[in-house]
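Just below is one structure, and these are the notes that go with it.
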């Protein structure tokens, strides 16, 4: 499967009004503008995950490693967040301290930490930080989670969608086909980026679900009301990918 590729500017929290997720097409007037759910719930993004109390505990490292992307030299640490064990790898080329990687991982919902475990299996690098990803902010699949320095928790949550979808698809090859039917039945867009292709809609919904889950029962219930078919299927994917 192809990996997700994000343009770094795409999820700038500082520039929400200019981001493709949070802006409307120029040709539309307020009375005809299309509703994008990430824009509708966007006010909750800035505080997303900040109330999480659990902190990453470093268990071992650093150890030298040849990273999967281009065999670039790096350092790897083993870590734990709650009940989840995973790896963090930083490319040697980066002037980046381990502590800089932690905050964005700690803000993920508990349900999403499974993705960190998946990309830490066997010889995988876990949450892997690179100096450059050819202009992208992240690449995500069940085999890797590659991030640049400025990729925030929103980008990570989107990539979780791809990681867990691919793991679920390994057991049920119909997942993406069913997702396409669900988004058609819901008849509402998550974002313009999600509109571009089915699996990116799933990644965008993973972010949206995490935002609303964190925002509280009222927002979570409203999300379910607005997009019931995706909501149920994403919960099924989360259930399928548990240990």
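Residue numbers (the numbering used here): 1114 to 1356. Where is the CB? At the ideal position from N, CA and C, for every residue including glycine. Since this is a predicted model, take the numbers as computed values, not measurements.
Cα-Cα, which of 1355, 1324, 1287 is closest to residue 1164? 1324
Tell me whether residue 1149 sits in a helix, a strand or coil according to DSSP, three-state version. strand
Got a sec? Which residues, its chain only, sit under 6 Å from residue 1354 by beta carbon, not counting five neighbours each side? 1227, 1277, 1280, 1281
Return yes when the Cβ of residue 1318 is within less than 8 Å of the Cβ of residue 1283, no when it is not. no
By the three-class DSSP mapping on this structure, what secondary structure does residue 1171 have? strand
Pull up the distance between the alpha-carbon of residue 1216 and that of residue 1309, whole angstroms please. Each residue's alpha carbon lies about 30 Å from the other.
In chain order, what residues of the same chain have a beta carbon less than 8 Å from the beta carbon of residue 1261, not counting five sequence neighbours either side? Hits under 8 Å: 1121, 1242, 1243, 1244, 1245, 1246, 1249, 1250, 1251.
Extent of the continuous beta strand (DSSP E) run through residue 1259: 1257-1260
In whole angstroms, what separates the C-alpha of residue 1334 from that of residue 1151? 15 Å
Between which two residues does the alpha helix (DSSP H) containing residue 1345 stretch? 1341-1353
Buried or exposed: which applies to residue 1200, given that a residue is buried once 16 or more other Cβ atoms fall within 10 Å of its Cβ? buried
Using DSSP with H/G/I as helix, E/B as strand and the rest coil, what is residue 1161? coil
On the DSSP bridge assignment, give the partners of residue 1198 in chain order. 1193
Identify every residue that forms a DSSP beta bridge with residue 1179. 1186
Mind checking whether residue 1189 and residue 1178 have CB atoms under 8 Å apart? yes
For the stretch 1209-1269, list the beta strand (DSSP E) runs that are entirely contained and at least 3 residues long, ordered along the chain. 1240-1242, 1251-1254, 1257-1260
If you follow the alpha helix (DSSP H) that residue 1294 is in, where does it begin and where does it stop? In the DSSP annotation of this structure, the continuous segment of the alpha helix (DSSP H) that includes residue 1294 starts and ends at 1288-1299.
Residue(s) in a DSSP beta bridge with residue 1304: Answer is none; residue 1304 lacks a bridge partner.
Looking at the structure shown, is residue 1206 part of a helix, part of a strand, or coil, going by DSSP? coil
On the three-state DSSP scale, how would you describe residue 1154? coil
So residue 1240 packs on residue 1218, CB below 8 Å; how close in whole Å? 6 Å
Report buried or exposed for residue 1345, applying the criterion of at least 16 other Cβ atoms within 10 angstroms of its Cβ. exposed
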